[in-house]
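Here the sequence shown is numbered in the working numbering, starting from 1 and rising by one per residue. Yeah, the Cβ is synthetic: ideal placement off N, Cα and C, and Gly gets one too. Here the structure comes first, spelled out in structure tokens, and everything after it is commentary.
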Amino acid sequence: MNASDWSRRFELLGRYRVLCAFNHGPRGTAGFNARIERTLAFKGLIRPDRGPHYHGRPIMVTCNDYGLGLYNGDIGLIMRDGSGALAAWFPAEDGARRLSLTRLPAHETVYAMTVHKSQGSEFDEVTLVLPAADSELLGRELIYTGLTRARQRLEIIGSPEILKLAVGRRVRRASGLAGALLAD
């Protein structure tokens, strides 16, 4: 596969993303990733029944590996190489770089990702998934971040009531950093 083929694959991967407020729960990333995998498998587009890795699986690195030059949030694809073996592929100046699955740092499937993890990214189309129940962690900052990830089209899955509550709430982070910096 040449550099332009890889560029096209990574471009297509970046066109659409499901963004969820949380990782867990019926409307979290874990649930959406599993549903998307089941749908694609049912249609015969992927074969996840042969282990955790399958041809076409989009992945996101979840921890830094400075030696490999891979960082938390990097997106890649599991694809077959010229010999038919599965490998991880990541964008590179010359199209893509191959990484053996045995060397791959911690990662997860990324059809859906959290709004938090999407910061700094943009997609042509975004589906923003709100939780079914209100949460004090759901605020206008999260909604703003989610909707500004979409360049062209945004779809929101969630009740108008939850959206209204979220937009009306400012979430203050309680990291304790300010107090630690101001302490004597």
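Given residue i as reference, the closest of the options once Cα atoms are compared
i: Val126; options: Ala3, Gly14 and Asp5; result: Gly14
i: Ala106; options: Glu37, Lys164, Tyr71 and Ala34; result: Tyr71
i: Val171; options: Ser135, Ile157, Pro160 and Gly84; result: Ser135
i: Phe22; options: Leu142, Gln152 and Glu93; result: Leu142
i: Glu122; options: Gln152, Lys43, Ile156 and Ser159; result: Gln152
i: Ser159; options: Arg17, Arg27, His116 and Tyr16; result: Arg27
i: Thr114; options: Arg169, Arg97, Arg149 and Tyr54; result: Arg149
i: Arg17; options: Ala166, Leu128 and Thr145; result: Leu128
i: Arg80; options: Asp124, Cys20 and His53; result: His53
i: Met60; options: Val167, Glu93 and Asp74; result: Asp74
Residue interval of the alpha helix (DSSP H) (run including residue i)
i: Val167; result: Pro160 to Val167
i: Arg140; result: Arg140 to Leu147
Residues bridged to residue i [DSSP beta-bridge criterion]
i: Met60; result: Ile75 and Glu108
i: Pro91; result: Ala96
i: Arg80; result: Leu86
i: Leu137; result: BP columns for Leu137 are empty, so no partner.
i: Leu101; result: Paired residues: none, contrary to the question.
i: Leu70; result: Asp65
Proximal residues to residue i (C-beta, below 8 Å), its chain only, five neighbours per side dropped
i: Gly95; result: Met1, Asn2, Ala3, Ser4, Asp5, Trp6 and Ser7
i: Leu68; result: Leu99, Arg103 and Pro105
i: Arg57; result: Ile46, Pro48, Leu77, Ile78 and Thr109
i: Ile162; result: Leu130, Pro131, Ala132, Ala133, Asp134 and Leu138
i: Cys63; result: Asn72, Pro105 and Ala106
N-terminal and C-terminal residue of the beta strand (DSSP E) that residue i is part of
i: Val115; result: First-last for Val115: Val115 to Ser118, but that is the alpha helix (DSSP H), not the beta strand (DSSP E).
i: Thr127; result: Phe123 to Val129
i: Arg151; result: Ala150 to Ile157
Own chain residues within Cβ distance below 6 Å of residue i, not counting five before or after
i: Leu147; result: Leu154
i: Leu40; result: Ile46
Proximal residues to residue i (C-beta, below 7 Å), its chain only, five neighbours per side dropped
i: Phe10; result: Pro91
i: Leu101; result: His53, Leu86, Ala87 and Ala88
### Query
Taking the runs of the alpha helix (DSSP H) that are 4 residues or longer, which of them lie wholly in the stretch 5–48?
29–42
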